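Okay, structure first, notes after.
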Amino acid sequence: MHAIRGIAVSPGIAFGRALTLSSTVDHVEYQTVAADLVAAELVRLQHAIEGTRTDLESLIAVTRDRLGEEPAKIFQFHLGLLSDEALLRMMRDDIQREHVVAEYAASEALRKFAATLRAVEDEVFQMKAADVVDVERRLVGKLMGASDERLRRLDGPVVVIARELTPTQAAELHRLRVVGFATDGGGLTSHTSIFARALGIPAVSGCVNATELTEEGDEVIVDGDTGSVIVRPNDEARRHYAIEARRTAARRKILKESASLEAITRDGVRIELLGNIELPEEIPRIFDHGGDGVGLYRTEFLHLTSPRVPTEQDHFEAYASAIEHSKGKTLTIRTLDLGADKYTQEHLEDPERNPFLGLRSIRYCLDRPAMFKVQLRALMRASALGPIRVMFPLVSTVMELRQAKMLLRDVSEELEEGGIPFDATVPIGIMIEVPSAAIMARSFAGEADFFSIGTNDLIQYTLAVDRGNEKVASLYTPAHPAVIQLVKNVIRTARHAQIGVSLCGEMGGDPLFTMLLAGLGLRTLSMSPSQIPAIKKLVRSMDIGHCEWVARRVGSFESDRQVVTYLRDELRRIDPEALVGQLN
Ligand code: PEP
Ligand code: MG
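Numbering (the numbering used here), first residue to last: 1018 to 1601.
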């Protein structure tokens, strides 16, 4: 038996047999055919192209039905490649001139195109290279007899084990009997994780060596609640997870039933519970789980999945859809947070040496004002359709906030001159996710309408611990007194300045910290929609007076261990069920 630790990216427990998938085709051998077989190769290529096209069309239709228009658009780019006359001509010419096999011609043409994309300066284009590689995998796979067939032949529930899944793989797997995912790479924000959550399939990513430790057909358990993958479980593990799965299912049912109740403490204080989303289609899930609205809409997903750089209209349609789904409730839209983990460095011609400290997020946008203004114009146009709040990520200096607001003013003036309606009173906030901003919160409070504390990044920058590096994962904790000090300072400053403050990092959906955060004065939390019922249940068992006492006690500790031990004890007393699935 192997117990592999990874990152819990989609909740639930799944049992199945392993299917190992590769996201790329290995090197395709240079092989030629006799002159009289060239015509047959051309026919084979044509059939494979048509077959791949049909597969993609059905994938688009199914994705549209299940997940909506936006995710389905991912595959339009793939489809477009298979109708690109220049590319197809290159493949055919290669077969006719060199007499190479169709697999080789297809692979060469697509690899060359991927290399051309990688060489383009704009990172978003470079990222498209991964999609070209995905099409190469499908087309060459089709020519070689295809792994899709392997998938279709499988009986019984399947757990997919891969280094990293491509978007097309992730989206098509739900049609088959796939009950879980485990990937070596990736994190909470990878395509696989986003699809897994949207499809409700338990998933763990960042497992490092899951593909090495698993053989096809192995029995596998994926625990998407704690981030564990058990390969070839022994009887004890099997029994343990069977009990856990039943317990989790029963607990979820009870929690969902109480989702319609108010998130109000025993002494009558209302806590606003919001959801974090990547796609507008996820908004109904927030309300189904008893949430009050959207606390964080990560708009970069539009860039990451679009076949081209999204136009103003693409942005506008996404925001209009989010506004419609939100039905007048809170909708906080964060501007593009591209860079670092949000585009893959290996696809860059000249990768940054330190991408998390590099040109990411608001810096990336301010460096490309024309691109940024496309999004800002769309946001302001959408503001005429319903209430929104705009939020800038990773702000580290007041100058950045001023520059971003200036660009927003520019687009507002342009809209005004063009007679295009917009809401001039849209609240403008910032994410506090860099220590400089947390320490200097007072300087920002005079110029921002609200703060949202992004603890995922704040922790990594405060503790100098890469949030995606499993080797230092044990050092990455919201319980470090330095992190708590910063969070406390931001909440206190915002309250003093009478501006809104919320917290939208993963810490916000972790029951271990709910009492502490409420005790520090936080009244709004934003989290993954699936966490809302558990946090609501806990809020309803809390007493603010007691939470304040807890926060004072935590303030006297000097190590994260002390903080965790103390908070676990307190939580056990108030809501023991909330401890189920706790990692700490
Ligand atoms: C954060 O950093 O806490 C956050 C919510 O942003 P993201 O996870 O998208 O970086
Ligand atoms: Mg962040």
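Here a beta-carbon is modelled for each residue, glycine too, at the ideal position from N, C-alpha and C.
Just so it is clear, the structure is predicted and the values come from calculations on it, not from any experiment.
| query | result |
| --- | --- |
| Write down the C-beta distance between G1522 and E1298 rounded to the nearest angstrom, noting that I regard them as a contact closer than 8 Å. | G1522 to E1298, Cβ: 23 Å. No contact. |
| Out of curiosity, what's the CA-to-CA distance linking T1510 and S1558? | 28 Å |
| My assumption, with CB atoms under 8 Å, is that A1123 sits in contact with L1156. Please give the rounded CB distance. | 5 Å |
| I'd like to confirm something about N1371: is its beta-carbon nearer than 8 Å to some heavy atom of the ligand NAD, or not? | The ligand NAD is absent from the structure shown, which contains only the ligand PEP and the ligand MG. |
| Where E1289 and V1500 are concerned, what is the direct C-alpha to C-alpha distance, given to the nearest angstrom? | 22 Å |
| Just the C-alpha distance for I1294 and R1315, rounded to the nearest angstrom, thanks. | 6 Å |
| Going straight from the alpha carbon of K1346 to that of R1398, what length do you get? | 18 Å |
| Under 7 Å, CB to any heavy atom of the ligand MG. Which residues pass, going along the chain? | D1354, P1410, L1411, M1448, E1450, G1471, N1473, D1474 |
| Return helix, strand or coil for S1100, following the three-state DSSP convention. | coil |
| Would you say the beta carbon of L1319 is closer than 8 Å to some non-hydrogen atom of the ligand PEP? | no |
| Given a cut-off of 9 Å, decide if V1248 and E1261 are closer than it, judged by their beta-carbon atoms. | no |
| Between S1506 and the ligand PEP, is the CB less than 8 Å from at least one heavy atom? | It is Asn, not Ser, that sits at residue 1506 in the sequence shown. Incorrect: N1506 has no Cβ contact closer than 8 Å to the ligand PEP. |
| With burial defined as no fewer than 16 other Cβ atoms inside 10 Å of the residue's Cβ, what is the status of E1232: buried or exposed? | exposed |
| Taking the C-alpha atoms as reference points, what is the distance between E1292 and A1065? | The sequence given here places Gly at residue 1292; Glu does not occur at that position. Roughly 43 Å separates the two Cα atoms. |
| Among residues of its own chain, excluding the 5 on either side of K1554, which ones have a beta-carbon nearer than 7 Å to its beta-carbon? | L1272, S1275, D1592 |
| What does the Cβ neighbour count give for R1484, buried or exposed, with the cut at 16 atoms within 10 Å? | buried |
| Just tell me which of A1535, A1335, D1082, S1210 has its CA closest to the CA of R1569. | A1535 |
| In angstroms with no decimal places, state the Cα-to-Cα distance between L1584 and D1527. | 12 Å |
| Which residue wins for smallest C-alpha separation from G1307, given the options F1318, D1331, I1281? | I1281 |
| Which residue marks the beginning of the alpha helix (DSSP H) containing T1582, and which one marks its end? | 1577-1591 |
| Are the Cβ atoms of H1332 and Q1420 separated by less than 9 Å? | no |
| If you draw a straight line from the C-alpha of H1497 to the C-alpha of F1373, how long is it? | 21 Å |
| Measure the alpha-carbon distance for P1615 versus A1401 and round it to whole angstroms. | For residue 1615 there is no data in the structure shown, the boundaries of the chain being 1018 and 1601. |
| Please return the same chain residues whose Cβ sits closer than 8 Å to the Cβ of L1096, not counting the five positions on each side in sequence. | R1070, L1073, E1074, I1077 |
| Among V1507, D1309, H1116, A1035, which one has its Cα closest to the Cα of T1059? | This sequence places Leu at residue 1059; Thr is not what is there. Minimum Cα distance to L1059 is reached at H1116. |
| DSSP three-state call for I1508: helix, strand or coil? | helix |
| Using the Cα positions of S1519 and L1542, report the straight-line distance between them to the nearest angstrom. | 5 Å |
| How is H1257 classed by DSSP in three states: helix, strand or coil? | helix |
| Around the Cβ of K1145, are there at least 16 other Cβ atoms within 10 angstroms (buried) or fewer (exposed)? | buried |
| Beta-carbon separation of V1118 and Q1048 under 9 Å? | yes |
| Have a look at F1409, D1252, S1413, H1563 and flag the residue whose alpha-carbon is nearest the alpha-carbon of L1018. | Note on identity: in this sequence residue 1018 is Met, with Leu being the wrong assignment. Among F1409, D1252, S1413, H1563, the Cα nearest to that of M1018 is on D1252. |
| Which residues in the same chain have their Cβ closer than 6 Å to the Cβ of L1160, if we skip the five residues on either side of it in sequence? | A1065, A1119, E1120 |
| The alpha helix (DSSP H) that contains H1563, what's its start and end? | 1561-1572 |
| Relative to the C-alpha of L1348, which residue among V1195, M1408, K1390 is closest? | M1408 |
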